[in-house]
Amino acid sequence: MNLDKDLVAAMATPLVLAILADGRSYGYAILKRVHELSSGEIAWTDGMLYPLLHRLERLGHVQASWGESPEGRRRKYYELTASGVAALAEHRKQWATATRTLGGLWGAVALGGVS
Amino acid sequence: MSGLDAEARIAQWRAALARSAAVTEQDADELEEHLRDRMDDLERSGLDVDEAFLIAVKRLGATDAVTAEFAREHGDRLWKQLVPRVAVAPGEKPFLEMLGFAAAAVVVIQVARLVAQETIPADWFTRNLAFLVLPVLGAYFVRVRRIPLPRVLPLAGIVAALAVVVNLYPFAPGSGDDLFGGEPGQTTFLVAGHLFLVLWFVVLAAYAGGDPWSASRRMDAVRFTGEWIIYYVLIALGGGVLTGLTTLVLSPVAPQAIPEVIAWVLPSGAVAATIVAAWLVESKKSIVENLAPVLTAVFTPLFGAGLVGAVVVYLVAGIGLPFDRELLAGFDVLLVVVVGLVLYGLSARDPLKPTGAMDVIRLVAIVAAVVLDLLVLGSMLARIGEFGFTPNRVVALGFNVLLVVDLAVTAAIGLLQGPRRYARMAAWLTGFLAAFAAWGLFVVVGLPPLFGFA
Chain A
1 MNLDKDLVAA MATPLVLAIL ADGRSYGYAI LKRVHELSSG EIAWTDGMLY PLLHRLERLG
61 HVQASWGESP EGRRRKYYEL TASGVAALAE HRKQWATATR TLGGLWGAVA LGGVS
Chain B
116 MSGLDAEARI AQWRAALARS AAVTEQDADE LEEHLRDRMD DLERSGLDVD EAFLIAVKRL
176 GATDAVTAEF AREHGDRLWK QLVPRVAVAP GEKPFLEMLG FAAAAVVVIQ VARLVAQETI
236 PADWFTRNLA FLVLPVLGAY FVRVRRIPLP RVLPLAGIVA ALAVVVNLYP FAPGSGDDLF
296 GGEPGQTTFL VAGHLFLVLW FVVLAAYAGG DPWSASRRMD AVRFTGEWII YYVLIALGGG
356 VLTGLTTLVL SPVAPQAIPE VIAWVLPSGA VAATIVAAWL VESKKSIVEN LAPVLTAVFT
416 PLFGAGLVGA VVVYLVAGIG LPFDRELLAG FDVLLVVVVG LVLYGLSARD PLKPTGAMDV
476 IRLVAIVAAV VLDLLVLGSM LARIGEFGFT PNRVVALGFN VLLVVDLAVT AAIGLLQGPR
536 RYARMAAWLT GFLAAFAAWG LFVVVGLPPL FGFA
């Protein structure tokens with residue numbers, strides 16, 4: 001099952017922020033993590049991640065810095081800022097409300113990690 | 116398939132990305148690194164380098180889709196190639212379209228001039244001037260942008276509704292200030308002038324493709340306005356020289372023909388230039404784009420120094436001004452220039468850069484402009500009781516208050532906000548443009564009845 005496009009778009013920001021909450025990372029690793037976490041069900045066009053990261057940088061939620069990959073290539077790393085942590089908390093609250101509301105209707109078991 | 120081949124193809128792919136102005140070298144580095152990471156993983160899982168390249172490129176997404184997404188985020192960079200749809204259109208079609216619309220604008224204005232001369236009351240032409248000029252420019256953008264009909268209709272509806280209102284209002288001819296003797300009354304002139312303001316916003320809506328505006332689209336509209344003005348002034352200067360020379364050449368042989376020639380050439384040139392300037396902004400963007408930030412950088416410190424000096428002089432000399440509409444209108448112009456300089460400066464600025472000397476100068480200029488205007492305004496308002504309100508005074512005053520609020524909030528954001536202040540200042544300033552549109556609409560639609568169409 002592939003998720004609906006709008007839903008993926010809505011999830012993109014909290015997803016990236018949450019992954020960066022585990023520590024600084026870079027684009028390709030973030031995408032791999034999304035793939036792992038969703039068992040491949042969240043399909044993203046790889047290139048679309050970067051404008052999103054740049055937007056988060058512009059908003060001050062993440063901070064970027066250039067480093068080096070183990071292969072010796074230039075790599076751009078992203079790190080969560082204090083404002084990013086706050087934004088993530090806000091997203092979490094909203095998603096908790098959304099899943100609680102839908103869960104209440106559908107009688108579904110509470111999903112892990114959003115309570 | 117060798118690794119060398121793959122390198123060539125990676126370079127080719129990268130070049131295709133970098134062709135978009137929205138993608139910088141650094142972005143291309145970042146994306147290339149991503150591509151190579153993906154290829155490494157794929158090769159590790161057993162694919163050859165060629166297959167790995169194809170799959171990795173596919174997963175990154177179609178080049179134009181990715182660059183379009185970059186463009187959405189980095190509208191400022193995109194300004195260099197704002198409308199790839201238009202820029203890409205091959206051959207001379209855009210040029211011919213431009214010529215066609217310029218010709219149409221000329222026909223409209225000349226027909227209206229001749230008709231107005233023959234039959235209609237004198238103030239008809241003044242009142243409708245904006246309707247004769249700007250809708251053609253709007254239509255030009257509808258055509259170049261290929262805006263679909265459902266988006267055109269609301270814009271056309273606004274123009275039509277305004278035209279009906281303005282032409283049904285029973286403006287009193289020859290009333291109003293003594294200054295205007297037998298001329299049309301004050302409100303006629305105010306309405307005619309503010310119609311340009313209101314219709315310009317309609318043009319900008321067409322410029323933006325009829326879309327509801329996001330903050331970055333609004334900034335594009337501001338850039339367009341600024342560069343259009345620069346081109347228009349340049350064309351007007353050239354036109355002035357041409358007119359002068361024509362007069363010179365004709366004066367010994369046919370001096371009696373000069374007014375007639377001017378009556379044909381001047382309005383035609385003036386309206387055609389609106390289209391040509393718009394076309395130049397679109398197609399020769401990089402010329403003025405490099406010019407505008409330089410002009411801004413030169414004039415911001417000069418205006419800053421001038422304004423600070425004026426504040427000092429006013430404070431030392433002390434002011435007890437009577438309410439003087441013309442002085443107030445002069446200050447309106449001054450504030451408009453400051454707003455323009457600030458907007459332009461901000462639009463050329465990378466929002467991620469830390470504060471520099473130019474930012475401080477800009478802030479000083481804004482604060483000085485606000486203080487100066489408040490001094491003048493305060494002094495005038497203290498004495499307004501001696502005079503009544505007339506349409507002209509209300510307009511000069513209202514516009515002044517709008518401008519001062521606009522700049523004061525900008526200064527407050529600049530002084531109080533944190534690292535994102537520049538983005539916020541720009542968002543506030545571009546957002547506040549809606550207030551100017553509303554004000555223009557009020558002057559056109561609301562003011563005349565308030566003052567009995569005087």
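Chains as they are written, first to last, in this note's numbering: chain A, 1 to 115; chain B, 116 to 569. Note that CB positions come from ideal geometry on N, CA and C, so glycine has one too.
Asked                                                                                                                   : Found
CB contact below 7 Å: Arg92(A) versus chain B                                                                           : no
8 Å Cβ cut-off: residues of chain A touching Ala538(B)                                                                  : Arg58
Segment limits, beta strand (DSSP E) that includes Arg75(A)                                                             : Arg74 to Leu80
Identity of the residue in Ala412(B), Asp152(B) and Val454(B) nearest Met473(B) by Cα                                   : Ala412(B)
Contact under 7 Å by Cβ, Ala552(B) with Phe316(B)                                                                       : yes
Proximal residues, the segment 164 to 177 of chain B versus chain C, C-beta separation under 7 Å                        : No chain C is part of this structure, whose protein chains are labelled A and B.
Within-7 Å CB hit, Val181(B) to chain A                                                                                 : yes
7 Å Cβ cutoff met for Leu478(B) and Gly529(B)                                                                           : yes
Beta bridge counterpart(s) of Tyr429(B) as assigned by DSSP                                                             : Paired residues: none, contrary to the question.
Arg129(B) versus Glu145(B) - alpha carbon distance                                                                      : 11 Å
Cross-chain neighbours of Lys76(A) in chain B, by beta carbon under 8 Å                                                 : Gln141, Asp144, Glu145 and Glu148
Span of the alpha helix (DSSP H), counted from its first residue to its last, around Gly384(B)                          : Ile373 to Ser398
Boundaries of the beta strand (DSSP E) in which Val368(B) is found, first to last residue                               : Counting along the chain, Val368(B) falls outside any beta strand (DSSP E), and DSSP gives it neither H nor E.
C-beta atoms of Thr302(B) and Phe566(B) nearer than 7 Å                                                                 : yes
Cβ contact check for the segment 272 to 286 of chain B and the segment 236 to 250 of chain B: 3 or more pairs under 8 Å : yes
Ile481(B) versus Ala549(B): straight-line alpha-carbon distance, rounded                                                : 20 Å
Reduced DSSP category for Ala463(B) - H, G, I as helix; E, B as strand; rest coil                                       : coil
Gly84(A), buried or exposed, once every other Cβ within 10 Å from all chains shown has been counted against 16          : buried
Cutoff 7 Å: Gly291(B) Cβ touching any chain A Cβ                                                                        : For Gly291(B), the predicted structure reports a pLDDT of 39, less than 50, and the residue's modelled location is therefore unreliable. A value from the coordinates is still provided. For Gly291(B), the answer is no, since every Cβ of chain A falls outside 7 Å of its Cβ.
Beta carbon proximity, Met48(A) to chain B, threshold 7 Å                                                               : yes
Exposure of Phe168(B), with buried meaning 16 or more beta-carbon neighbours within 10 Å                                : buried
Ser462(B) to Gly107(A) span [Cα, whole Å]                                                                               : 51 Å
Beta-carbon spacing of Val464(B), Tyr537(B) below 7 Å                                                                   : The question names Val, but residue 464(B) is Arg in the sequence shown. Result yes, Cβ atoms of Arg464(B) and Tyr537(B) sit closer than 7 Å.
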